[in-house]
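Here's the structure, in structure tokens; my notes come after.
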Amino acid sequence: MAFHPDKCTVLSVTTKRKPIKHNYTLHNHTLEPVSSSKYLGITLQSNLKWDNHIHDITAKANKTLGFLKRNLKTANQNIKDQAYRALVRPKLEYASSVWDPHTKESASKLEMIQRRGARVFCGTWNVNGQHPPISVAKWLQRDDVPPDVRLIRLVGIMLIVYVKDPIVGSVHFVDADYVPTGIMGIMGNKGGVGVRLSINNTSILFINSHLAAHQDEFERRNQDYRDIAAKMKFRQFVPPLTIDEHDMVFWIGDLNYRISGLEIDVVKSMIEHEKFTDLQSYDQLHQQLGRSPDVFPGYMEGKVLFRPTYKYNPGTDEWDSSEKNRIPAWCDRILFKGPGINLLQYREHSELLISDHKPVSASFEVQVKVVDEEKSKRVYEDIMKKLDRLENDYLPQVKLDKTEFTFTDVRFIEPMEHTLTVSNTGQVPVEFEFIEKLDEKSYCKPWMTLSPFKSVIAPGDKCEVQLEVYVDKSSVAHLNSGMDQIDDILVLHLAGGKDFFISFLNILVNGNFIASSFGCSVEALVQMHGPIREIPVAQLVEIEQPGSLLKRDMTQGGRLYAVPKEVWRLVDHIWQYGQKESSLFQQPGLHKEILAIRDCLDTGVPDRIPGSVHSVAEALLLFLESLPDPVIPCSVYHRCLDCSNNFMLCKQVLSQIPECHKNVFVYVCAFLRELLTHAEENNLEVKFLASIFGEVLLRPSKQPSPPSAMGSEHSSARAMAKEEEMKRAAFIYHFLTNDFYE
Amino acid sequence: MAGRQGAQRPNGATQGKICQFKLVLLGESAVGKSSLVLRFVKGQFHEYQESTIGAAFLTQTVCLDDTTVKFEIWDTAGQERYHSLAPMYYRGAQAAIVVFDITNQDTFARAKGWVKELQRQASPNIVIALAGNKADLAQKRMVEYEEAQAYAEENSLLFIETSAKTAMNVNEIFLAIAKKLPKNEGGGPTQSRQSGVKLNNEQTQQSEGGCCK
Ligand SMILES: Nc1nc2c(ncn2[C@@H]2O[C@H](COP(=O)(O)OP(=O)(O)OP(=O)(O)O)[C@@H](O)[C@H]2O)c(=O)[nH]1
Ligand SMILES: [Mg+2]
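As given, the protein sequences belong to chains A and B, one line each in that order.
Going by my numbering, the first residue of the first sequence is number 1, and it counts up by one from there.
Going by my numbering, the first residue of the second sequence is number 1, and it counts up by one from there.
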């Protein structure tokens, strides 16, 4: 295929404001650079926009439309329709899938081309308060083609709009308003009335106004115009529609502008010689229209090629012969504003004699926009689709490196961590937050912490979230008993700011927990032969069932430990290796050693508990604290406090608690009393021990105590806590200073 | 539901109200929920569609004659292990599409379970549509059309067989739901399309003259 250099041009496609220029040559011929070019009937533009193409085709279609109008003027609607479809539409739609009007401007331009012609007739006649005694047909039926819309002004300020029957169906949103400008702005003798309507998709407003009278008062007339223009509002619309918001405005009436600067005789003589154009340059309205920005801006008027319509001796064609001897004037005018208005006729009707004014009329052909419903729907749907796409594209989007996390062999008080990376892969900043599931109080189980649990990530950025599992004394019991598992779903909630666009991501957490004697109930512990690790899970679950001890008692009468062997081992170790050690229960142990002690108790090896005696002492406290039901069961906690000042009563309460709990209590107290016998060496004080063991042996149930009726002020709550603490210590104190069996 | 009044002014698009509805897709894993959404919203289909974790949100607008329905579509995870989270996602939904795979009888049983759950726990006026997806695999059909149809009728559900792969009935199911959703709230100022006095040629009225000047 050969190209002809003369027929080739260069179209560089760029969005740069200053594109790089390069001369392209073909067969030694420098190609002409252009900014738009026609190719296969489509106008291509260097900025890849289509407005030239749209301009081209609309112009083309308009030309064809004009051709049709001229030649099919008398043809019936059906033929016009067919011609439009066959000749105009294809021009508009050619290659529409390529250029697809995507800007609102382009689209609306296309819609606008689908117009239909309509006739508008406007008439104004100041009848000077007279009833027309004669037929007004001469005024109103002057055109061969009857108008579609007819507007007449008859008396005072009155406006009637007639619509021809066949187009009634296309007329809607009819509304009216009026603005008085007479004396004090309230008298109705001067002012304007407006009637607006829409024909198909074109809004048309008719205004009839009677402006201020008198030769020299043209400034008053201008002011009247401005008042009407500012105040007229069509309140059927939200917000109310103003005059200027209409596609077309026809402003008619006795505008009262006069001819000034000429003697009356000169005026009359010019009229006699039909020097209307010359005379018009002395017309006050003509002098201002199109020149003064605040006198009917944007309005046009046809050429006034008729005799002034004012002032006649009523009943005659003679100029006013009263003593006022008024200068003839074009008081009665028809102005119009808006695109697509073609004035056909502008004239006066001197044969109608009854008034001192003559009627004036004008006929127009106007272009009414008819939005092709189907096309408009398509454009609308298209816009909605694009909005959807935009909206979806701008939804927050994140990627998670993993959605499932397994925590294998989780152990008591041994933290385990995984990292979740949240990357923002969308185009907007993402706000994420872990949220609670329905009916749950927290976004994760108590043995888990997420940090951060909420944050904002910029597009392209990421955030690392630490998922830490840590089973402590408060969560261990449920995991031991099988009531809880290392198993959760975290819900990550994404918000694009202000909770607007949202999505959720589920993150699975699973794993297993290695049961520990820490966190087992006293009841289970005393049934446990051998270290806990050697006990099958099913059996563990069984002995943790409430009442399992009673059942066992009756059915098997199996051997039970008097106190859990773990408590015994810990106490015995301290007794053997630490009774003379100072700072017992005061100096903290080492975390590593406590883990080793945990493993030793749980596995049974080695024989001797590892670690320093301080670590063992802390392990003992932790062990007692981790019991799901404390040594002194929660159920009697408050009774113990109540009787803490009376040893006998305290003993009585103790006699009512389960045997194994009582055994542990008595055993621990006996041990502490033994330690106190070595007070000279270990410096232990009874008050200190009472206070420490008060905390671990006596604990209220975990349920939050009901808020006090007094609105639980902070200080009073603290005072109460202090008092409870003292009572707990007092309770223990009795047993550290007295032998239980005395 | 947020009914928004459209352009009141003349010369605007003639479409009136925009109503927004929350729609949720439910159904067993791999029946094609995400594929239906992807087909509807983006016109695409992926042979290897990743299983959904959580619930993803997309919007899509459907234009009816007089109203525009904007769907806020929640595609949920079908895997059973996420089941407990489902109420969080269908809470407040005005419409649901319960999807099953016509080549898998179990998914139909599961769909019935979802319908039951929705009827019990979701908003009382929820519009439920049942979609028998993967209709392109008719040769492997395990759920008869009539069976699903009868079930849908008993429970007053919309029922359509769809294929996210061939796009068959995908737009249609959303359209059917859009049509069935109530759009009566709001109302807005009534527009007099043809207010005016009809003048009969016979009864020409005499106009009263008023004085001016
Ligand atoms: N032949 C055929 N395959 C389909 C159709 N719809 C979906 N699939 C395929 O089925 C598989 C699962 O589709 P998804 O859309 O991920 O299913 P889902 O219901 O979202 O699954 P979850 O997200 O796990 O709940 C994918 O491999 C799809 O390609 C269909 O209409 N016809
Ligand atoms: Mg999915």
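Glycine is no exception: its CB is placed at the ideal position from the N, C-alpha and C atoms.
Own chain residues within Cβ distance below 6 Å of residue i, not counting five before or after
| i | result |
| --- | --- |
| GLU625(A) | LYS473 and VAL696 |
| GLY298(A) | LYS337 |
| ASP356(A) | ASN128, LYS311, TYR312 and PRO314 |
| LYS180(B) | VAL127 |
| SER475(A) | PRO446 and TRP447 |
DSSP state of residue i mapped onto helix, strand, coil
| i | result |
| --- | --- |
| THR107(B) | helix |
| ALA230(A) | helix |
| ASN645(A) | coil |
| ILE18(B) | strand |
| ARG119(A) | strand |
| PRO180(A) | strand |
| PHE45(B) | coil |
| HIS349(A) | coil |
| MET88(B) | helix |
| GLN367(A) | strand |
| ASP397(A) | Residue identity check: residue 397(A) is Gln in the sequence provided, not Asp. Coil at GLN397(A), not helix or strand. |
| ALA176(B) | helix |
| TYR733(A) | helix |
| ASP254(A) | strand |
| TYR380(A) | helix |
| PHE296(A) | coil |
| ASP136(B) | helix |
| GLU80(B) | helix |
| ARG718(A) | helix |
| TYR741(A) | coil |
| PHE336(A) | strand |
| GLU723(A) | helix |
Sequence-distant residues of its chain with Cβ nearer than 7 Å to residue i (five each side left out)
| i | result |
| --- | --- |
| PRO630(A) | LEU697, LEU698 and ARG699 |
| SER521(A) | GLU544, LEU627, PRO628 and ASP629 |
| VAL295(A) | ASN222, TYR225, GLN288 and LEU289 |
| VAL422(A) | VAL398, LEU400, PHE432, ILE457, LYS462, CYS463 and VAL465 |
Option nearest residue i by Cα separation, candidates the options
| i | options | result |
| --- | --- | --- |
| ILE341(A) | LEU438(A), ARG119(A) and PRO633(A) | ARG119(A) |
| LEU157(B) | VAL170(B), ALA122(B), MET88(B) and ALA96(B) | ALA96(B) |
| ILE514(A) | ASP409(A), ILE692(A) and VAL571(A) | ASP409(A) |
| ASP439(A) | VAL99(B), MET168(B), ILE160(B) and LEU85(B) | LEU85(B) |
| ILE264(A) | PRO328(A), TYR282(A) and GLN587(A) | PRO328(A) |
| LEU395(A) | TYR380(A), GLN427(A), GLU404(A) and VAL368(A) | GLN427(A) |
| HIS734(A) | GLU725(A), ASN201(A), SER644(A) and ILE354(A) | SER644(A) |
| PHE306(A) | PRO531(A), SER209(A) and LEU279(A) | LEU279(A) |
| SER635(A) | GLY261(A), LEU654(A) and LEU622(A) | LEU654(A) |
| GLU146(B) | ASN169(B), ILE160(B) and SER29(B) | ILE160(B) |
| PHE100(B) | GLY132(B), HIS83(B) and TYR89(B) | GLY132(B) |
| LYS369(A) | ASP247(A), ASP320(A) and SER701(A) | ASP247(A) |
| TYR48(B) | ALA164(B), TYR151(B), GLY54(B) and ALA152(B) | ALA164(B) |
| TRP251(A) | TYR741(A), ASP332(A), PHE173(A) and PHE234(A) | ASP332(A) |
| ALA30(B) | ALA148(B), GLY113(B), MET88(B) and HIS46(B) | HIS46(B) |
Residues that DSSP places opposite residue i in a beta bridge
| i | result |
| --- | --- |
| ALA129(B) | ILE97(B) and LEU158(B) |
| HIS357(A) | TYR310(A) |
| ALA362(A) | CYS122(A) and TYR346(A) |
| GLN60(B) | PHE71(B) |
| THR406(A) | ASN510(A) |
| MET448(A) | VAL469(A) |
| LYS454(A) | GLU433(A) |
| PHE206(A) | VAL195(A) and PHE250(A) |
| HIS584(A) | A quick correction: the sequence has Leu, not His, at residue 584(A). Answer by DSSP bridge pairing: none, since LEU584(A) is not bridged. |
| SER423(A) | LYS399(A) and LYS462(A) |
| TYR667(A) | Paired residues: none, contrary to the question. |
| ASP175(A) | ARG196(A) |
| ASP283(A) | ILE259(A) |
Own chain residues within Cβ distance below 8 Å of residue i, not counting five before or after
| i | result |
| --- | --- |
| GLU723(A) | none |
| GLU245(A) | SER203 |
Entirely within the stretch 462-517 of chain A and at least 3 residues each: give me those beta strand (DSSP E) ranges in chain order.
Listed in chain order, they are 462-469, 487-495 and 502-513.
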